[in-house]
Structure formats: structure tokens, C-alpha cells
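Protein chains in written order, with my numbering: chain A, 107 to 330; chain B, 107 to 330; chain C, 107 to 330; chain D, 107 to 330.
Given below as C-alpha cells:
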């Protein structure tokens, strides 16, 4: 068991940089194909190759992890749920990137950010990356659809922003079934984002509260 | 009193599976009638029969519980408020199903999910089931209404999703009084959902916070 | 000082029922005038008289409290901020009614609701009353306005519900300056409502969390 | 090091009033130029001069702080991130004003507001000022744009209110790229506002909760 977890640890460390680079390449390749469809064919083919290679890296990494874990397929899928989703839908990769960044940070023994700041930074980064990926995917589906209100990539980014913050003006909205399915995913992220912001603010406040309370003579009730 | 609570306990255990199956049958029967109105009459009648039988099970269960409790009608209604609502509006049944599932889990002594994960799982499941039931009910009311924007069941699901997340684009909205009443119920659920997500995130964070704090030398203030 | 606070106490107790009745009469009188403008003139006059009498009760109560407090006008306004607002805008009266109800409850020594349930009940009641008052006020302003989308009282209630839950479809929205000002007030209440729901859920969860933690052997981290 | 921090302290104190006045002048000058573009040229020039002078005060203050800190440019920017943003985008100045107000309050040894009330007051003030600045900036960009729905300053304020509360009716929305970028900033503030309100409510509730719990015999579980 110890030898196994040591091997897993070594694999984790070795794959950090490749996985991060692959994630960025995947997103970049996908973005170019969506945003510049009138590029010369050779460039589009190159982008497709980059995207598929990046995906291949994810699949290989997943397979190796499966082998190293020594678990049955079902139990592995259950205990690596996020990883499984991300292999099937690589546009959700940003969710993993954040984890890798954290792991790198931890090992370098840098003065770590405090928990509150970390939660804010991670949720902001995750939201920005997911919003960008979501805007790309929705734009790809919607731009040709009849009756679409999302016509430019700018519209799509604007739509992603109002969805993630749960503002939802409704001036531009997806009309295709696939676009709406992606939208539901983004809405769920928006609620999680709200939860993260509110939760970290609330816990920070409670901490400060408790400290002020301890310094004060009792009886002077805060908020009363 | 002890004999009574023992009887109640036995009834609870005996009714678990029947109630769960009835709940699913009720929802399935209702869904078929709403979504496939052009089915042969015999099938529609069958669905109606299934729906009504399921409802009968709920009513009988409610009546037995009333008898077993030994309370007066008013006090029973007050102490079983959710149960009473659910007998009258069986589409809200999913709220109860979650409770049954929990009870089953508890007795089997499985390694229980941690509280945080449980809250997330229950609120997700409840929201999904209520959203589905709400989308069905609104679709049934709206599809024939003049000036309706909810014309397909897909529209209705899309509308339920943007309502529960409080995004509210407003591209499709109910226009009939009954549809709007159901919508207000879904909005309330959406706020409760936000509260559940935020609350569990916040409490998880506070726990982690406190632990990190204990490990660190004092003076290094988190979030500062 | 003691004699003064005793007098205040006595005044509080004596005014409870009159204030509650006046609040309900004010709202009822206002509602009839807004919702049934084609009633015989004598009835409308009666409603106006009821509304104004109720307002007079509020003003007298405010004046007596000012005298009893023995404070200067400015300090009194500062320490009774909510009361001052409510005297000027009696439609916000529901906010006070909740307080009176609580005071009555407390004295009767009934088994008090637990804090969590109390917060939920009060915020629900306050929100329902404010939503009704807001819907009335907006309907009165909007129904005659050119280009208005709020044309019936049903529209106005529907609009109040989507505003208080921050869903905001935008299918019906106020277009007059006064209507929009009232709307901004309702939005602020909506955010406060969200805060109340989330906050009470979160604190309830933290309590449960802490208890489960204490019962369990340490090391088995919840949410991990 | 001590001499340096003493100098910084002195600078802080000396700049309080000038910075507050400059902030208000900047906002006032900007507001007049946006809202009264048909004023006589001499007044517009005066406003421009006031705006630019206020900006100059911000820049000088920033430069002096940089010198006094004795840090390298990069480290200074990192540790004064908010200050740097505010020098480049002076419309965000309100965020700083709140800080100055707090500092003034603290030194005068007034009976400080309790933490909960302070958080509510600061977030309300910040939100009001940011909403006003955002409404001004969006109005300036949108009023001439083809197809704009924000045509008057009233529309712009109304739009800012529905954005900050995340209601988002969508009856008026920005259509220009710059207007939408400002809107995304306001949405982020809206989420932070929600977090602040919810967080402070939640922490206040938890405090009250804990106190009630201590007074009660154990076993009587709140919220059960």
C-alpha cells in the first residue's frame, strides 16, 4: 500500500506541468477553432491536432491513475468523480487546473495565502475560466441557430457574466437545447460562486467577531 | 406511550418501500399524462389509475399515522405540517422522498456521508425533483394559454432551471394565474436552495478555518 | 429614570392591541381604495377616514413615546430610526407589527419557537406583508401610466414576488419614477430576505455540525 | 523602520480631509459634466479642471505613499492593490472613502458602532456610491449609442439598482462594449454586497444562537 501511494505521489508530481500545459493548449486550440473559423485550413487542422493531443494526455493520465490506484473500475469512478467528468468534458478542465496550482503552491513552501483570500482567489479564477469556456461552447452552438440572440462572441461573454452572477437580464439568451444545457451548468456554477463568496465573507466576519468579543468586557453585545 | 411509539416505528419501517414506489409511480403517471396527451385512451386511463392509486396510498398512510399518533386533528396537522401539505399537493412529494431515503440509509449502518456532503446531495436531489414536478405542472397549465411563451416541455424545464437558480432571464415566463402561483413556489425553493448551498459552504469553511487556526501560532490572522 | 422606563413599559403594553389593529385597518383601508376605485363614494370616504385615523394613532403614539423618552428631538429620531420611518411611510408598518407580535408572544410565556424557526417565520411574514403593501403601492402608481406593463393587481403581485426573490424575469416592470423608487426598496428587502434565510440555515448547520463533531471520534473530518 | 511608519502615520492623518474632499469633488465634477452637457462652456471647463485637480491629488498621494513605504515598485503595487486600481480608475474612489471615514471615526474615540452595524453601514454606503458612479459612467457611454435602452440618467440609476441587487429585469440594459464591461464590474459588486449582508446576518445569528444555547438547559435543541 505504501509503495503504491508513493508511486501515485511521484506520478502526481511528474504530471503537474504537462497537465497544466495541456489544459491551456486544449482551451487555446478550442478557442481558435471557435473564434476564427475562416482561418486557412492548415491552421484549423493544427488546432484540432493540439486539442486532440491535449485530450489524449488527459485520457492517458486518467488511465495511469486508475492502474496505480489498484481499485475496481466502479469504485475508482466513484472516488474520482470530478476527474471522470473532466476526462469526458475537457472544457470543465479549469476546475482541475485550480487544484494543480494549489498543489504546486503548497510544495514550494511559499508563504501561503490565508484561507479566506485563497477561497476568493480560487473561486474567481475558476469562475473566469469556466465563464470563458462556457461562453465559447455556447457561442459555437448558438451563432448559426435561427432566432438566436447570441450573435457575436462579445454577446456570449456578456451572457456568461450575467448568468454566473445570477443577474440574468435576458437581453441575450441561448435558444438551442445544447446551449441551454450548458447554460444550466453555468447557473449551477453561479450559485456555487455566490455560496463561496458569501461563505468566506461570513466566516471571516465570525472570526473577527469572536476576536473583538474576547477583547471587550462582556455585556457589550455586538449588533444589539 | 411506549407501545404507541413502537407501533409508529413499525409503521414507518413497513411503509418505506411502498411510499417510495408510490411517489415515483405518482410522478411517472402524472408525467405521462402531461407529456403524451395523444396516447391511446387506454394508456391514459391506466396512468390516471396509477396516479390515483398512489395518491390513495398517501392518504391511507396519513390516516394511519393520525390514528397511531393519538393526537387531536388540529394538533396532528400542526405537528405534521409538511406531511399534510404533501397529502394535499402530492407533486410536492419529492420533499418527503428525501426523508425516506435518509431513514433507509441510517438503518443500514452504511458509512454515512458527512453532513456537508449530505446537505449538498439532499438539496440537489430535492431541487431536481421539485424542478421536474414544477416544470410538468406549469407546462400543463401554460401550453394552451393565449400569449404563452412556454410552448414545449423543454421550455418549461429551461424556465424551471432559471427560476430555481434565481437567474430569471424572462425569455419564457408563465402568464396564467395558476402557472404564476406555481412559479412563486419554485422561487421560494430557489431561495431555500441558495441558502442551503451558501450555508453548508460557509459552515464547512468555518470548520476548516478553526482547525487551521488551531495549528498555527496565534497572531498570524487569517484573512488579514 | 426608573419611573420613566416604567411609564414607557406601561405605554408599550397599553398600545399593543391598538397599534396592531390600526396597522391592519390602515392596510385594509388603503387596499380597498386602490383595488376598488369604482366603489360608491361613501365607501371610499369611509376607507379614507379609516386610513387617516390609523395614521393619526401612529402619530400620537410616536409623540407620546417622544415625550416619555425625555430625549431631544434629534437623539430621539436617531435612536428610534425605524419608528420614525414608519410614521412617515405607514405602508412600512408591517415591519413594526412583527415586533409587536413578538412582544405579545414573549409575555404570555408560551413555549417560544426556537430561534431558527422564529427568524424564518418573521422574515416570511414580513416579506409577505411588505410584498403586499409594495404591490398595492406600485399598482396604484402604474395602472394609469402610459406604456405600463403592470396593468392588473395580479401583475403587481407577480412582479413583487419576482422582485423579492431577486429572480427578476422582467416581463412586467414599473416604468414610472415613483414605481421604480418603491421597487428599489423591495429589492433591498429581497436581499435582506436572502440574507436572513441563508444566515439562519448556515447557523443551524454550524450548530448541528458542532454537535455531530463532538459525538464522533476526532480525525473523521466532516465534509472532507 | 519606526521612523518610517511614524512618517506614514503622519501622512495618513494629514491627507484624510484633502482626500475625502477630492473624492467628492471628483465625483461632483464628473457628474456635472455627464448630466449637464449643455451648460455654458466655461462651467464645463471648470468642472473638468476640478476633476483633473482631484485626480492629481490622488496621484500625488499615491506617489508620496510609494516613497514613504521604501518598497520596490512591484512589491508596492502588490501590497497596495486597491490603491493602485483606484488611482487608475478614480470612479472607484468611493471604495477608499469608506476606509478614510472609518479611520476618522476610530481616532475620535466615539462610541464605535458594533461590528455588525458597521459592516451593514459600510456596504450600504459603498454600494450607493459605486452605484451612482457606475450609473454615471454607463449613462455617458450609452446615451448616444444606437439601439440603446438606457436613454435618461433615471434609466441608468434604475439599471444600476437592479444590477447591484442581482434582480436583473432586463428592461434596460447596456449595449456598448464599454457599458457592458462596467456592468460586469457592478455585478461583481452586487455579489459582494449579497455576501456582506448574508455574512453579517449569519454571524449575528450564530452569536445570538450560542448565547441562547448557553442560557438554556441542554437537550432543548434549537431549530429542531
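Beta carbons are placed, not taken as given, at the ideal position from N, Cα and C, and that holds for glycine. In this text the structure is predicted, and so the values were computed from the model without any measurement.
>> Measuring only the C-alpha atoms, how far is residue 158/C from residue 132/C?
In response: For the purposes of this step, residue 158/C is taken as the residue at position 52 of the third chain. For the purposes of this step, residue 132/C is taken as the residue at position 26 of the third chain. One C-alpha to the other measures close to 8 Å.
> Counting along the chain, where does the alpha helix (DSSP H) carrying residue 167/C start and finish?
Replying inline: Residue 167/C sits at position 61 when you count from the first residue of the third chain. Taken as a continuous stretch (DSSP letters only), the alpha helix (DSSP H) holding residue 167/C covers 147-175.
> Are there 16 or more other CB atoms within 10 angstroms of the CB of residue 139/C, so buried, or fewer, so exposed?
Replying inline: Here residue 139/C refers to the residue found at position 33 of the third chain. Buried.
> Is there contact here, the stretch 238-246 of chain B with the stretch 241-252 of chain A, by at least three beta-carbon pairs under 8 Å?
Replying inline: no
> Which chain D residues sit within Cβ distance under 8 Å of residue 276/B?
Replying inline: Residue mapping note: residue 276/B aligns to position 170 of the second chain, counting from 1. 275, 276, listed in chain order.
> In three-state terms, what does DSSP make of residue 270/C?
Replying inline: Stepping through the third chain from its first residue, residue 270/C is reached at position 164. Reduced to three states, the DSSP call for residue 270/C is helix.
>> Can you check whether the C-beta of residue 65/D is within less than 9 Å of a C-beta belonging to chain B?
In response: Since the first residue of chain D shown is 107 and the last is 330, residue 65/D is not available in this structure.
> Three or more beta-carbon pairs under 8 Å between the stretch 158-177 of chain B and the stretch 277-292 of chain B, yes or no?
Replying inline: no
>> In this structure, how does DSSP classify residue 261/A when only helix, strand and coil are distinguished?
In response: Here residue 261/A is taken as the residue at index 155 of the first chain, counted from 1. Helix.
> Which residues, in chain order, does the stretch 297-312 of chain D contribute to contact with chain A at a C-beta distance below 8 Å?
Replying inline: 297, 298, 300, 301, 302, 304, 305, 306, 308, 309, 310, 312
> Are the beta-carbon atoms of residue 141/B and residue 259/B separated by less than 9 Å?
Replying inline: As a first step, residue 141/B is located in the second chain; it is residue number 35 there, counting from the start. As a first step, residue 259/B is located in the second chain; it is residue number 153 there, counting from the start. Contact flag set, yes.
> Which one of 272/A, 120/A, 115/A, 302/A has the shortest CA to CA distance from residue 225/A?
Replying inline: The residue you call residue 225/A lines up with position 119 of the first chain. Of 272/A, 120/A, 115/A, 302/A, the residue nearest in Cα terms is 302/A.
>> Under DSSP, the alpha helix (DSSP H) around residue 194/C begins and ends at which residues?
In response: As a position in the third chain, residue 194/C is number 88, starting the count at 1. Its alpha helix (DSSP H) spans residues 187-194.
> Using a C-beta cutoff of 9 Å, does residue 272/B count as contacting chain G?
Replying inline: Absent from the structure: chain G. Protein chains present are A, B, C and D.
> Looking at C-beta atoms only, is the number of pairs between the stretch 260-268 of chain B and the stretch 251-268 of chain C that lie closer than 8 Å three or more?
Replying inline: no
>> On a Cα-Cα basis, can you pick out the residue from 176/B, 304/B, 111/B, 134/B that is closest to residue 223/B?
In response: Numbered from its first residue, the second chain carries residue 223/B at position 117. Per the Cα distances, 304/B.
> To which residues of the same chain is residue 299/B closer than 7 Å at the C-beta, ignoring the five residues directly before and after it?
Replying inline: As a position in the second chain, residue 299/B is number 193, starting the count at 1. Cβ within range, chain order: 229, 233, 270.
> For residue 178/B versus residue 275/D, is the C-beta spacing smaller than 9 Å?
Replying inline: As a working mapping, residue 178/B is identified with position 72 in the second chain. As a working mapping, residue 275/D is identified with position 169 in the fourth chain. Contact: no.
> chain A beta carbons: is any one of them nearer than 9 Å to that of residue 268/B?
Replying inline: By one-based count along the second chain, residue 268/B stands at place 162. Taking Cβ atoms only, chain A reaches closer than 9 Å to residue 268/B, which makes this a yes.
>> Is the beta carbon of residue 176/A closer than 9 Å to that of residue 110/A?
In response: The residue given as residue 110/A occupies position 4 in the first chain. The residue given as residue 176/A occupies position 70 in the first chain. For residue 110/A and residue 176/A, yes; Cβs fall inside 9 Å.
>> Measuring alpha carbon to alpha carbon, tell me which residue in 181/D, 154/D, 190/D, 113/D is nearest residue 135/D.
In response: Walking along the fourth chain from the start, residue 135/D turns up at place 29. Of the candidates 181/D, 154/D, 190/D, 113/D, the one whose C-alpha sits nearest the C-alpha of residue 135/D is 154/D.
>> Going by DSSP in three states, residue 121/B sits in which element: helix, strand or coil?
In response: Working through the second chain from its first residue, we reach residue 121/B at position 15. Helix at residue 121/B.
> Does residue 260/B have its Cβ less than 9 Å from a Cβ in chain A?
Replying inline: Position 154 of the second chain, counted from the first residue, corresponds to residue 260/B. It does: the Cβ of residue 260/B has a partner Cβ on chain A nearer than 9 Å.
> Using the beta-carbon of each residue, which ones in chain A are nearer than 7 Å to residue 264/B?
Replying inline: In the second chain, counting from the first residue as 1, residue 264/B sits at position 158. Residues of chain A passing the Cβ test: 286.
> Taking the C-alpha atoms as reference points, what is the distance between residue 217/B and residue 231/B?
Replying inline: The residue given as residue 217/B occupies position 111 in the second chain. The residue given as residue 231/B occupies position 125 in the second chain. Summary for residue 217/B: the model assigns pLDDT 49, below 50, so the residue's position carries little reliability, and this model does not support an answer.
>> Can you tell me whether residue 331/B is buried or exposed? The criterion is at least 16 other CB atoms within 10 Å of its CB, across all chains shown.
In response: Past the boundaries of the shown model lies residue 331/B; chain B is included only from 107 to 330, so the question cannot be answered.
> Quick one: Cα of residue 127/A to Cα of residue 196/A, how far?
Replying inline: Start at 1 with the first residue of the first chain, and residue 127/A comes out as number 21. Start at 1 with the first residue of the first chain, and residue 196/A comes out as number 90. Taking the straight line joining both Cα atoms gives about 13 Å.
>> By the three-class DSSP mapping on this structure, what secondary structure does residue 280/D have?
In response: Counting from 1 along the fourth chain, the entry for residue 280/D is found at position 174. It is coil, neither helix nor strand.
> Under a Cβ-count criterion, where at least 16 other Cβ atoms within 10 Å of its own Cβ denotes burial, should residue 147/C be classed as buried or exposed?
Replying inline: Locating residue 147/C in the third chain gives position 41, counting from the first residue. Exposed.
> Between the C-alpha atoms of residue 312/C and residue 188/C, what's the straight-line distance to the nearest angstrom?
Replying inline: Taking the first residue of the third chain as position 1, residue 312/C is located at position 206. Taking the first residue of the third chain as position 1, residue 188/C is located at position 82. Whole-angstrom Cα-Cα distance: 31 Å.
>> Looking at residue 247/B: is its Cβ nearer than 9 Å to the Cβ of residue 291/B?
In response: Against the second chain, residue 247/B aligns to sequence position 141. Against the second chain, residue 291/B aligns to sequence position 185. In this structure, residue 291/B does not lie closer than 9 Å to residue 247/B by Cβ.
> Can you tell me the Cα-Cα spacing of residue 130/C and residue 124/C, whole angstroms?
Replying inline: Taking the first residue of the third chain as position 1, residue 130/C is located at position 24. Taking the first residue of the third chain as position 1, residue 124/C is located at position 18. Distance between the alpha carbons of residue 130/C and residue 124/C is about 10 Å.
> Closest to residue 297/A by CA distance: which of 295/B, 272/B, 192/B, 294/B is it?
Replying inline: Looking up residue 297/A in the first chain gives position 191. Nearest C-alpha to residue 297/A: 272/B.
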